[in-house]
């Protein structure tokens, strides 16, 4: 039921890491260029990354057939949708989008958000997730989707360490913790829709804001972050385990 892809799991993983390294070093190289130029560069690079993923997988689908919308899938899928809406609320997404629309940097902000969504989804929910799914098939791993989601989300979290070059350690480590949970949630969306449109769209909306992003403030920063994103992580784990049971049942 899981697509095996054209490339081996190791090759996909290597290309994911390589593309991220190229992206980071190229952005250091064009650091002194205009914001508009950097936004266009990132968009072009993200499209190239997405194309490479398509070549490696042969499809945008993770499964050979969609997850059956059983009662448990609908219930937990619905809970995940509520979590996404809640996530948008705590990130002040409506306010951020309003600021973007009233800003003279509308196109720059929009292109930045779109390129980030395409690039990060192509790397993390594309190359990384696909590679771990294939490795799970090779090893006959139970709960393959859940395990692969955790591994790819850990890498997604780790990629944010590059933000230490422009932000405080406290803020960046909070981003990394939240990215782990959000990454799991994006895998839920990827699997239940069996495509890339919705993960990219939701990721884009979450990132769609002024270039100066928000951060939690106050003495309870870590308490708030841990509570909120641990709940999101556990809900995602539960939902993915339901998907896994259905996939394993169809393979029997």
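Numbering (our numbering), first residue to last: 143 to 394.
Using N, Cα and C, we set each Cβ at its ideal position, and we do this for glycine too.
Around the beta carbon of residue 372, a 10 Å sphere encloses fewer than 16 other beta carbons of the protein chains shown; the residue is thus reported as exposed. Counting C-beta atoms within 10 angstroms of its own C-beta, residue 206 has fewer than 16 neighbours from the protein chains shown and is therefore classed as exposed. Contact between the stretch 213 to 230 and the stretch 380 to 390 is present, with at least three C-beta pairs closer than 8 Å. Shown here, residue 211 sits in coil according to DSSP, grouped into three states, outside any helix or strand. Taking every protein chain shown into account, the CB of residue 210 has fewer than 16 other CB atoms within 10 angstroms, so this residue is exposed. Residue environment analysis places residue 325 among the buried positions, since at least 16 neighbouring C-beta atoms fall within 10 angstroms of its C-beta. Nearest C-alpha to residue 266 among 257, 368, 158, 289: 158.
Among the bridge pairs identified by DSSP, residue 144 is matched with 205.
Membership of residue 322 in the alpha helix (DSSP H) is indicated by the continuous run 311 to 335. In this structure, the beta-carbon distance from residue 184 to residue 295 does not fall below 8 Å.
Separation of the CB atoms of residue 352 and residue 241 is rounded to 5 Å, and the pair is thereby assigned contact status at 8 Å. Residue environment for residue 282: exposed (fewer than 16 other C-beta atoms within 10 angstroms of its C-beta).
One alpha carbon belongs to residue 148, the other to residue 201, and they sit about 9 Å apart. Between residue 336 and residue 309, the alpha-carbon positions lie close to 35 Å from each other. Here residue 312 is exposed, its C-beta having fewer than 16 other C-beta atoms within 10 Å. When C-alpha distances from residue 301 are compared across 150, 145, 164, the shortest belongs to 164. If you draw a straight line from the Cα of residue 146 to the Cα of residue 276, it comes to about 6 Å. Relative to the Cα of residue 339, the nearest Cα in the group 155, 319, 204, 247 belongs to 204. Residue 188 is classed as buried because its beta carbon has at least 16 other beta carbons within 10 Å across all chains shown. In this structure residue 322 is not in contact with residue 290, their Cβ atoms being roughly 14 Å apart against a cut-off of 8 Å.
Straight-line spacing of the CA atoms in residue 212 and residue 391 works out to 13 Å.
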